[in-house]
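Chains as they are written, first to last, in the working numbering: chain R, 4 to 204; chain A, 4 to 204.
All residues carry an ideal CB built from backbone N, CA and C; glycine is no exception.
Quantities reported herein were computed from a predicted structural model and do not represent experimental measurements.
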DNA sequence: TCATAAAGTGAAACGGTTACACATTATGAT
DNA sequence: ATCATAATGTGTAACCGTTTCACTTTATGA
């Protein structure tokens, strides 16, 4: 299945050595205190090779894993239980991801703290996260029967992604997330269900 | 009134010379094609002096003006006509700002194009714009009688600011803005007016 | 077996940014 | 008016991330 010649194996090994060395050094001494020359040295490759493997630059060394998160976002929208709104489904997904992160092994906690305390890494992570906006918007549009580039779908996708960074670091993150998605849920059902206006008073 | 000693005048002059030289060169040959050494040269100061005046770095040279925009955001919320919701007031403000930009003098159009076509400047502008989030959120909270750090207010502030970048560059920007703020308006009145639920059907 | 292309190398450079030690000069108090 | 002081500016040299270039090594598949 997976073409695993010696070449690709060595390539993967080199890449892994670089990512490992980088993460270890970053955790030991801080992101800014470690230079790319030193990382290359530690992985026993040249600086040129380092940048061949990570054209995204120094920050990319930290984010080596492929993204299941995007697939999860799309799936949450597409495969949600009947009767559940899209914002609700997204909220549930993000809540689960959060709780899974809280009870991660300490290695992962250190990893998160590294990102949290390093502006460059926070920015990079934010960019990666927001890069799912279009895919998520497309999934929402498809599910709601709206045209692909519909601004409402784009907005909902963006806002849902932003919600994560909005509640990040709060002690009341859980309830804050609920409140934000209550806003989105109200707004979304408002602009999707046509003219189902309230007659009360 | 304004303490205007010779010293401060010279300082302001140097700063202006730097900003002017930078903008002129950027517009002539592109942001990436002009180095800070060259800018300092053109303004007849040392590179060290350049960075003393613009600690924000090369990007800061382009954004020399103080921010009336933040004050405008707060005022839009605070001084809105009776009966108008906060999202509506923000939408009106942003719509006005947009239309004013469209009919700006060509100098300003070039300026905007420069920012638009330069990733580093786009990022910087985004960061500056988003830096008003907390102030705007505070204004919203104050007006709605909610606690300062209320997540709903934070979210509304962030989403309203994000709306600008969401509609940016679209040909249907006007209607897209309406649609996004319709979402926010529905959502916001939903989470602020307690239990005024719809009894219809 | 061999041409090819992928992977890696080493050194040099570039551009933004900062550190350092130093010069100049406006300012305000004596 | 004098003078200590602090703000402003200078020049050089470095640091760091990143790219370029010309070059070597080596796995691959025809």
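From the beta carbon of residue i, is the nearest beta carbon of chain A less than 9 angstroms away?
i                      : result
residue 185 of chain R : yes
residue 198 of chain R : The predicted model places residue 198 of chain R with a pLDDT of 47, which falls under 50 and marks its position as unreliable; any figure quoted below should be read in that light. It does not; no Cβ of chain A falls within 9 angstroms.
residue 173 of chain R : yes
residue 14 of chain R  : no
Residue i versus chain R: which residues are under 8 angstroms apart at the beta carbon?
i                      : result
residue 169 of chain A : 154, 157, 158, 161
Over the uninterrupted alpha helix (DSSP H) stretch that includes residue i, give me the two end residues.
i                      : result
residue 54 of chain R  : 50–56
residue 103 of chain A : 89–105
residue 153 of chain R : No alpha helix (DSSP H) holds residue 153 of chain R; DSSP gives it neither H nor E.
residue 109 of chain A : 109–119
residue 28 of chain A  : 9–32
residue 122 of chain A : 122–133
residue 44 of chain A  : 39–46
residue 73 of chain A  : 72–81
List, in order along the chain, the chain A residues whose C-beta lies closer than 8 angstroms to that of residue i?
i                      : result
residue 194 of chain R : 182, 185, 186, 189
Looking only at C-alpha atoms, which of the options sits nearest to residue i?
i                      : options                    : result
residue 81 of chain R  : R:141, R:41, R:192, R:39   : R:141
residue 116 of chain A : A:76, A:30, A:144          : A:30
residue 126 of chain A : A:96, A:59, A:184          : A:59
residue 179 of chain R : R:97, R:69, R:19           : R:97
residue 69 of chain A  : A:190, A:37, A:132, A:171  : A:132
residue 54 of chain A  : A:21, A:86, A:84           : A:21
residue 196 of chain A : R:196, R:195, R:185, R:194 : R:185
residue 105 of chain A : A:124, A:130, A:172, A:39  : A:172
Verify the CB distance criterion: does residue i have a CB-CB separation below 9 angstroms to chain R?
i                      : result
residue 165 of chain A : yes
Counting only Cβ pairs nearer than 9 angstroms, list the residues of chain R close to residue i.
i                      : result
residue 141 of chain A : Under the 9 angstroms cutoff, chain R gives no residues; its nearest Cβ is about 15 angstroms from residue 141 of chain A.
What in chain A is Cβ-close to residue i, meaning under 7 angstroms?
i                      : result
residue 216 of chain R : Since the first and last residues shown for chain R are 4 and 204, residue 216 of chain R lies out of range.
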